[in-house]
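To start, the structure itself, in structure tokens.
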Amino acid sequence: DQQVKQNSPSLSVQEGRISILNCDYTNSMFDYFLWYKKYPAEGPTFLISISSIKDKNEDGRFTVFLNKSAKHLSLHIVPSQPGDSAVYFCAARDSGGYQKVTFGTGTKLQVIP
Amino acid sequence: KAGVTQTPRYLIKTRGQQVTLSCSPISGHRSVSWYQQTPGQGLQFLFEYFSETQRNKGNFPGRFSGRQFSNSRSEMNVSTLELGDSALYLCASSPGTGGSWTGELFFGEGSRLTVL
């Protein structure tokens, strides 16, 4: 049972344009949502998060939007840069699961110079 | 401060063998989580330990086990290895307590296991 879903395994975007990565979830007990970035041969690193009581959080070029009624979140990267090419994982914290974080399957973003 | 350290980085085993992976968390972090990453499956949660106790467990067979020591270091063990166990095993640490924790995990570089 995949509680966090990323339906697009890959995405290609031109440098300077907007990248939009999407994520859907099913568990209503999730109270924080996070995005992680992973380069090959490295562990994932935290990028940005949002509380379930908010609908938008922004950090520089990265913005996460949360639509709680649709159980959907998205990550916007503007403008996209070649160094953003990586696998992006959507994740969610279970409010009832101590420090359990559930991850999606990842979206591989390629930013073309 | 030093990050999360995982050893070994790479290892090759044959079916039926067992393997032990080690993880040293960030100093001061008391929670250690383990994840399995395979192509197409993302990061699948194995288990989480805090103060030497398993607090959470994912949907993996009993061949997968773990433990945590008093210094917060953790090990995971996979017995009777199968070809499908080939994966990147990631360890992540976090403070373990505190209502302000929002889900941020600090990952090691992983242990790449190949089962032949």
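Going down the list, the sequences are from chains A and B. According to this note's numbering, the first sequence is numbered sequentially starting from 1. According to this note's numbering, the second sequence is numbered sequentially starting from 1. Yeah, the Cβ is synthetic: ideal placement off N, Cα and C, and Gly gets one too. All figures in this text were calculated on a predicted structure; none of them were measured in a lab.
By the C-beta density criterion, R63/B is exposed, having fewer than 16 other C-beta atoms within 10 angstroms. Here G103/B is not near V4/A, since their CB atoms are 7 angstroms or more apart. If you compare the alpha carbons of F50/B, E82/B, T80/B and G84/B with that of Q68/B, the shortest gap goes to F50/B.
Unbroken beta strand (DSSP E) stretches of 3 residues or longer found wholly inside the stretch 67-91 of chain A: 72-77, given in chain order. Look at D24/A here: in three-state DSSP terms it is strand.
Neighbours of T114/B in chain A, taken as residues at a C-beta separation under 7 angstroms, are lacking, since the least C-beta distance is about 15 angstroms. Taking the C-beta atoms as reference points, Q36/B is found nearer than 7 angstroms to A87/B. When 7 angstroms is used as the limit between beta carbons, K100/A is near these residues of chain B: F45, E48 and N56, in chain order. No Cβ-Cβ contact shorter than 7 angstroms links S31/B with S74/B. Comparing alpha carbon positions, the residue from E52/B, S70/B and L43/B closest to G58/B is L43/B. Annotation: Cβ neighbours of G104/A in chain B (cutoff 7 angstroms, chain order): G42. Contact between V115/B and R15/B holds, with the beta-carbon distance rounding to 6 angstroms and staying under 8 angstroms. In the displayed model, D55/A falls within coil according to three-state DSSP, outside both helix and strand. Here DSSP, grouped into helix, strand and coil, assigns G66/B to strand. Nearest CB-CB separation between Y88/A and chain B: not below the 7 angstroms threshold. Ranked by Cα distance from S65/B, the options Y89/B, P25/B and G110/B are led by Y89/B.
For S74/B, the enclosing beta strand (DSSP E) begins and ends at S74 to V78. Contact between the stretch 36-52 of chain A and the stretch 22-30 of chain B is not established, with fewer than three Cβ pairs separated by less than 8 angstroms. The closest CA to that of L109/A, considering only S80/A, N7/A, Q6/A and S12/A, is found on S12/A.
Taking the Cβ atoms as the reference, F47/B lies roughly 6 angstroms from Q54/B, within the contact range of under 8 angstroms.
Annotated as proximal: F107/B and G43/A, with beta-carbon spacing under 7 angstroms. In chain A, no part has a C-beta under 7 angstroms from the C-beta of T53/B; the shortest such distance is about 10 angstroms. Contact of G43/A with chain B is assigned, a C-beta pair being separated by under 7 angstroms. Per the DSSP secondary-structure output, L116/B pairs with nothing in a beta bridge.
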